[in-house]
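In my numbering, the protein residues as written are 11 to 541.
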């Protein structure tokens, strides 16, 4: 491993700021963890960020890109390069977990409410910490330039970044820094080299039975659709036909290579009916993760045919509504090298005895013998980018250029972008079986276990930002590579234009919290602890 560059005075100042705000970052992370709002419904989380950023001196546009829970914050210290960072803060339905060493939902909720799995609560506060540290260092050392910080809702459905990209929110930046928590080897405490995330399409198919009388128009019943007449199948039957046919045809959608996947979720649309009336509305969401846009288009064509056939068979009509169309990612080695230097300067996160005590409590509560060293050893080690790339490529065919998905990829086509990972807390595997999912969720919310990741990532982000602002040569190298890879930058001969040609999909019945006479509740109320 090469020796890292020595810290500049401004970088040292930035690291000191992160240390001085350690308690604040911990409290903020716990706040967003407890909000735990899912995609497109992150109202309290977005409001919190907007207020905090304004208090820190940023100009903030609320509802950026037409998305109510998105924002764009900017700050300038005079004319100069502008560095981009971003926050994510959406949680996942069905993963409600308290910051506790035993399985229990957050107070007043059931397990089906939202919870942070990745955890985006730590992601967002880590980037906010890096942003504020860079700002403070710029002010102290008179570094010219600016910072742009976007709030990115709905990452779990690849929601906001394709929309922000299409509307120009990443244009004009000198660089974009993309951080994510991770624990799976080899992609922890490293930066992506060549193999970036792939394309992702997501859509909602809606079935509407708005003319049920036409189904039984020739059955001879005296009253069309009377109780004794033939009954229109309706929207629920269309949805189930779509679900089953798409499952049955999945292996025929694409060749059995390339690491692609398709998943679905049935959206509850409140169409409960009494008696024998046909359901008038049903919706199902699909998400595909594929290396290329061409593969996504092929799957979409199959799903469209299935939807059309399902509608015809059940007396319905159908609609397709886009949730996301994101591009595969573009590498930038110059940016990766800058990040790798910062990773070496800061080092990997370290979990102290207090964190280990929390981990042992979890193991004890699961009936295990507590481990002396409960955390995975590799979490405290750095992985050289080229080494991580070589390990990642072992399971991929040479022709596959991209793998897995995340919508940060849309940023890579608008400015030089680096994607890097800092280890999140994860426990060594038990001798038999595996940990239940709540364990990872809890580790992402307990301050003693998640704070080391947040603080390390904040320091790395601040070091990268200051290095790029101070080092014109590093910026130029990254931009030159971006220009080369895109054939001239935005609009270049090999540039991939945005795919977003749809409005923000904010009007669907996405899971959310509601306020009732009982107080705040999840949209599917639960009074049973294990429900």
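Idealized CB from N, CA, C, for every residue including glycine.
Residue i to residue j, Cα distance in whole Å?
| i | j | result |
| --- | --- | --- |
| residue 420 | residue 171 | 6 Å |
| residue 487 | residue 167 | 33 Å |
| residue 11 | residue 378 | Residue confidence for residue 11 is low, a pLDDT of 49 falling below 50, so the modelled location carries little weight and cannot support an answer. |
| residue 518 | residue 197 | 34 Å |
| residue 459 | residue 261 | 41 Å |
| residue 118 | residue 259 | 42 Å |
| residue 181 | residue 175 | 8 Å |
| residue 24 | residue 86 | 17 Å |
| residue 527 | residue 263 | 48 Å |
| residue 484 | residue 508 | 27 Å |
| residue 384 | residue 375 | 14 Å |
| residue 104 | residue 445 | 17 Å |
| residue 265 | residue 300 | 12 Å |
| residue 219 | residue 289 | 7 Å |
| residue 328 | residue 417 | 27 Å |
| residue 179 | residue 471 | 20 Å |
| residue 146 | residue 35 | 15 Å |
| residue 463 | residue 396 | 23 Å |
Measure from the alpha carbon of residue i to the alpha carbon of each residue in the options, then state which is nearest.
| i | options | result |
| --- | --- | --- |
| residue 399 | 199, 162 and 191 | 199 |
| residue 415 | 270, 47, 93 and 365 | 270 |
| residue 38 | 56, 51 and 50 | 56 |
| residue 352 | 326, 394 and 322 | 394 |
| residue 364 | 129, 337, 382 and 408 | 382 |
| residue 504 | 100, 495, 510 and 511 | 495 |
| residue 254 | 241, 276, 163 and 529 | 276 |
| residue 157 | 163, 144, 361 and 164 | 144 |
| residue 257 | 244, 273 and 192 | 273 |
| residue 412 | 322, 41 and 304 | 304 |
| residue 44 | 123, 534, 13 and 362 | 123 |
| residue 169 | 297, 62 and 403 | 297 |
| residue 155 | 82, 165 and 183 | 183 |
How many whole angstroms separate the CB atoms of residue i and residue j, which I take to be in contact at a CB cut-off of 8 Å?
| i | j | result |
| --- | --- | --- |
| residue 432 | residue 466 | 5 Å |
| residue 316 | residue 491 | Actually they are not in contact, since the Cβ atoms of residue 316 and residue 491 sit about 42 Å apart, beyond 8 Å. |
| residue 549 | residue 97 | Since the first residue of the chain shown is 11 and the last is 541, residue 549 is not available in this structure. |
| residue 206 | residue 339 | 3 Å |
| residue 356 | residue 469 | 5 Å |
| residue 163 | residue 80 | 5 Å |
| residue 407 | residue 267 | 6 Å |
| residue 243 | residue 324 | 4 Å |
Looking at the strands, I want to know which residues DSSP matches up with residue i.
| i | result |
| --- | --- |
| residue 196 | Partner(s): none; residue 196 has no beta bridge. |
| residue 161 | 81 and 97 |
| residue 437 | 385 |
| residue 297 | 212 and 273 |
Indicate whether the contact test is met: 3 or more Cβ pairs, each with one atom in the segment 18-37 and one in the segment 133-152, closer than 8 Å. yes
Should the segment 470-481 be regarded as contacting the segment 346-353, the criterion being three or more beta carbon pairs within less than 8 Å? yes
Whether or not the segment 187-194 and the segment 122-140 are in contact is what I'm after, with contact meaning three or more pairs of Cβ atoms, one per stretch, closer than 8 Å; do they touch? yes
How do the segment 360-371 and the segment 446-461 stand: do at least 3 beta-carbon pairs fall below 8 Å, yes or no? yes
Assess, as a yes-or-no matter, whether the segment 66-74 is touched by the segment 125-135 under the definition of 3 or more beta carbon pairs within less than 8 Å. no
Would you check if the segment 203-215 and the segment 307-315 touch, i.e. whether three or more CB-CB distances between them fall below 8 Å? yes
Examine the Cβ distances between the segment 107-121 and the segment 88-97 and report whether three or more of them are shorter than 8 Å. no
Three or more C-beta pairs below 8 Å linking the segment 426-440 and the segment 326-334: no
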